[in-house]
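Residue numbers (the numbering used here): 358 to 748.
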């Protein structure tokens, strides 16, 4: 059985005797007599605001504040030269359209209103032929490479647009990061979208001061990295890692997959903002990164051949090969044949690692060094100063 209600029509026995009464009139004859009726609209508005606030928090505010400054980066570079035999094979299978250039996709973020952009060096490559930037408002720009540093994996770009003032992000002090605080990763993962809209992933700062060599076949050395469980996929490289205030604490750089896949497994790493800020300042000034001091010595990585040949202690470190008598190394007592095992608080594992550590010092700093000489451990303090020619 179906019971139909609300159909039009009249009951012949009652229609003539009944008068239709509006619902409101039947129950409310005088609204002024109802206590608090004047507050209904106000209460309704408060309820709406409370619902909105329950969805708005520090993370959503940080994302809203930062999204406009996050960009998608696409770089094109010439493909590696191919020997004639392999080139003929490629033509045979692919015709004349076989790939002659490489394309990289990644993320970046604007750090000044006049269009300076930070990204990873591995996103733009060593010799990009073209770099395209896509902003969140749908615009595209050709970018100029101001400079890059392969060792620290930082690149600085610039886009120009007449009468344009770009939204930009500010660096936070990465020395003040708290393990366990919110970490917000923005980027364009896998280059899936052409509109440049950032993708947001959220986690926490899992650890700090992580030393990690992402690929033993390249010269990049990552030290003092920020570890986060915010998903950092391949297209996120170069994008910002934010704190809950919407400020940059790091540059999303790589993930650790454990060799099982190319996806995220909970170990993402970002270059700390203080290091990025120092590198960017030098790139903006000169286009390259150079020490503003001279340690006054030359060194090389310890190898098994050197250990056996010179009967050195079997440790990781640097073998000092020469010392400038007018330099800081000589003044603090370092001699050829010494094996440097520690710079500052870091144990040295290779020559490239040492150069990465030296990037964190400037002229006038005092550098703590631990070294081994004839199987004895020594400590010394090196005061860094400008280069002086050897005599």
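Yeah, the Cβ is synthetic: ideal placement off N, Cα and C, and Gly gets one too.
Since this is a predicted model, take the numbers as computed values, not measurements.
Asked: Anticipated Cβ contact below 8 Å, residue 587 with residue 540, distance rounded; Found: 5 Å
Asked: Collapsed DSSP secondary structure at residue 737 in the structure displayed; Found: strand
Asked: Terminal residues of the beta strand (DSSP E) in which residue 599 lies; Found: 597-599
Asked: DSSP bridge partner residues for residue 662 (one or two, in chain order); Found: Residue 662 pairs with nothing; no bridge assigned.
Asked: Residues bridged to residue 562 (per DSSP); Found: 585
Asked: Residue 701 to residue 563 span [Cα, whole Å]; Found: 24 Å
Asked: Boundaries (first-last residue) of the beta strand (DSSP E) holding residue 485; Found: Neither: residue 485 is in no beta strand (DSSP E) and is coded neither H nor E.
Asked: For residue 731, the three-state DSSP class (helix, strand or coil); Found: coil
Asked: Alpha helix (DSSP H) segment containing residue 423, residue limits; Found: 415-423
Asked: The segment 641-661 touching the segment 715-727, judged by at least three CB pairs closer than 8 Å; Found: yes
Asked: Span separating the alpha-carbon of residue 416 from that of residue 560; Found: 10 Å
Asked: Distance cut-off 7 Å: residue 534 Cβ against heavy atoms of the ligand HEM; Found: As presented, the structure is devoid of all ligands, the ligand HEM included, so that no description of it is given.
Asked: At least three beta-carbon pairs within less than 8 Å, the segment 458-477 to the segment 599-611; Found: yes
Asked: Selection from 675, 694, 610 and 613 that minimises the alpha carbon distance to residue 708; Found: 675
Asked: Residue 707 - DSSP class collapsed to helix/strand/coil; Found: coil
Asked: For residue 426, the nearest candidate out of 594, 465 and 458 (CA to CA); Found: 465
Asked: Buried or exposed by the 16-neighbour rule on C-beta atoms within 10 Å, applied to residue 725; Found: exposed
Asked: Run of the beta strand (DSSP E) containing residue 435, from where it starts to where it stops; Found: 427-435
Asked: Buried or exposed (CB count within 10 angstroms, at least 16 for buried), residue 680; Found: buried
Asked: Residues sharing a beta bridge with residue 679, DSSP; Found: 655
Asked: Candidates 716, 729 and 585: closest to residue 536 by CA position; Found: 585
Asked: Sufficient close CB pairs (3 or more, under 8 Å) joining the segment 500-507 to the segment 522-534; Found: no
Asked: CB contact flag (residue 508, residue 578, <8 Å); Found: yes
Asked: Buried or exposed by the 16-neighbour rule on C-beta atoms within 10 Å, applied to residue 431; Found: buried
Asked: Simplified DSSP state of residue 458, which is helix, strand or coil; Found: strand
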